[in-house]
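K.L.:
Using the numbering used here, read the sequence shown as starting at -17 and increasing by one per residue.
Glycine included, every Cβ here is placed at the ideal spot set by N, Cα and C.
Since the structure is predicted, the reported quantities are computational estimates derived from the model, not experimental observations.
First the structure, then my questions, so here it is.
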Amino acid sequence: ASVEASILCTLITQPIWVIKTRMLLNTNPKISEYQNFKRQVKEVYSHYGLKGALRGLELSLILSFSGVIQMYVYEGSKILFDRLKLPESRLGEKHFICGSLSKIFSILLSYPITTLRTRIQQSQFVTCSSDQKYKSLRDLAGRTWREEGVRGLYKGMNANLMKGMSQKGIYFYFYEIFKQYLFPSLQEGKIY
-17 ASVEASILCT
-7 LITQPIWVIK
3 TRMLLNTNPK
13 ISEYQNFKRQ
23 VKEVYSHYGL
33 KGALRGLELS
43 LILSFSGVIQ
53 MYVYEGSKIL
63 FDRLKLPESR
73 LGEKHFICGS
83 LSKIFSILLS
93 YPITTLRTRI
103 QQSQFVTCSS
113 DQKYKSLRDL
123 AGRTWREEGV
133 RGLYKGMNAN
143 LMKGMSQKGI
153 YFYFYEIFKQ
163 YLFPSLQEGK
173 IY
């Protein structure tokens, strides 16, 4: 259900993501003075059509599995930590570490796809639509690999790792606390 919901959400919100990316990548101060979301929507649809509004959709759909990866790694690492028989006072640390690990794995697997998605969306708007920098996703991936190697696929990942692992560590730390106190019957295996 999680994957299906994520895919549906991606299909609905992809045009918004494309507009956001376009607005973020604009560095021309004269254009940004007059920019607003409504104007960008109109411009994207009039110049590029629906295809332009859905640019990078294939990659976004693949990225919708990152939440599944996070939960799988989180639950799996919790099982491994349970074998350590940590005292009750250390469970918060366990959840923080497991949450951080889940995000690390998710980022390591999905970051190249995120990089390619951003670049393919960017190329549409920094050049004329008839003179795009990349001809296709395959062209983009091949050129990135040839010109920059694996490093080109992971540009900026360190900052993303620091933010992501901290965020998910804190998230799962509090998730487990709230789950324990708000739904104690779940801890005993009972479902309402």
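Got a sec? Which residues, its chain only, sit under 7 Å from leucine 43 by beta carbon, not counting five neighbours each side?
P.N.:
Excluding positions up to five away in sequence, the list reads Ile(-11) and Thr(-8).
K.L.:
Taking all protein chains shown into account, decide if serine 111 is buried (16 or more other Cβ within 10 angstroms of its Cβ) or exposed.
P.N.:
A caution first: serine 111 carries a pLDDT of 48, below 50, which makes its placement in the model too unreliable to give a value.
K.L.:
Hey, how far is the Cα of valine 55 from the Cα of valine 23?
P.N.:
Cα-Cα distance, rounded: 38 Å.
K.L.:
On the criterion of 16 or more Cβ atoms from any shown chain inside 10 Å, does glutamine 103 qualify as buried, or is it exposed?
P.N.:
So glutamine 103 counts as buried.
K.L.:
Taking the Cβ atom as the reference point for each residue, do tyrosine 155 and histidine 77 lie within a distance shorter than 7 Å?
P.N.:
Going by C-beta atoms, tyrosine 155 is nearer than 7 Å to histidine 77.
K.L.:
So, helix, strand or coil for glycine 38, using DSSP?
P.N.:
Coil at glycine 38, not helix or strand.
K.L.:
Check the C-beta distance from lysine 150 over to serine 82 and give it rounded, since I have them as a contact under 8 Å.
P.N.:
Lysine 150 to serine 82, Cβ: 6 Å. Contact.
K.L.:
Apply the 10 Å Cβ neighbour rule to serine 181 and answer buried if 16 or more other Cβ atoms are within range, or exposed otherwise.
P.N.:
Any property of residue 181 remains undetermined from this structure, which presents the chain solely from -17 to 174.
K.L.:
Can you give me the C-alpha to C-alpha distance between lysine 137 and lysine 85, rounded to a whole angstrom?
P.N.:
Rounded to the nearest angstrom, the two C-alpha atoms are 17 Å apart.
K.L.:
Please report the distance separating the alpha-carbon of glycine 124 from that of serine 118.
P.N.:
Rounded to whole angstroms, glycine 124 to serine 118 spans 10 Å at the Cα level.
K.L.:
For methionine 5 and lysine 161, what's the separation of their Cα atoms in angstroms?
P.N.:
Straight-line Cα distance between these residues: approximately 39 Å.
K.L.:
Using a Cβ-Cβ cutoff of less than 6 Å, which residues in the same chain neighbour valine 0 once the five nearest sequence positions on both sides are dropped?
P.N.:
Hits under 6 Å: Ala35, Arg37 and Gln103.
K.L.:
Just the Cα atoms here: how many angstroms apart are glutamate 130 and phenylalanine 63?
P.N.:
So the two alpha carbons sit approximately 38 Å from each other.
K.L.:
Taking only three categories from DSSP, how would you classify leucine 68?
P.N.:
Three-state DSSP puts leucine 68 in coil, outside helix and strand.
K.L.:
With burial defined as no fewer than 16 other Cβ atoms inside 10 Å of the residue's Cβ, what is the status of lysine 33: buried or exposed?
P.N.:
It is exposed - the Cβ of lysine 33 has fewer than 16 other Cβ atoms within 10 Å.
K.L.:
Taking just the CA atoms, how far does proline 166 sit from leucine 135?
P.N.:
Rounded to the nearest angstrom, the two C-alpha atoms are 44 Å apart.
K.L.:
Just curious, the alpha helix (DSSP H) that glycine 151 is in, first and last residue?
P.N.:
139 to 164 is the extent of the alpha helix (DSSP H) around glycine 151.
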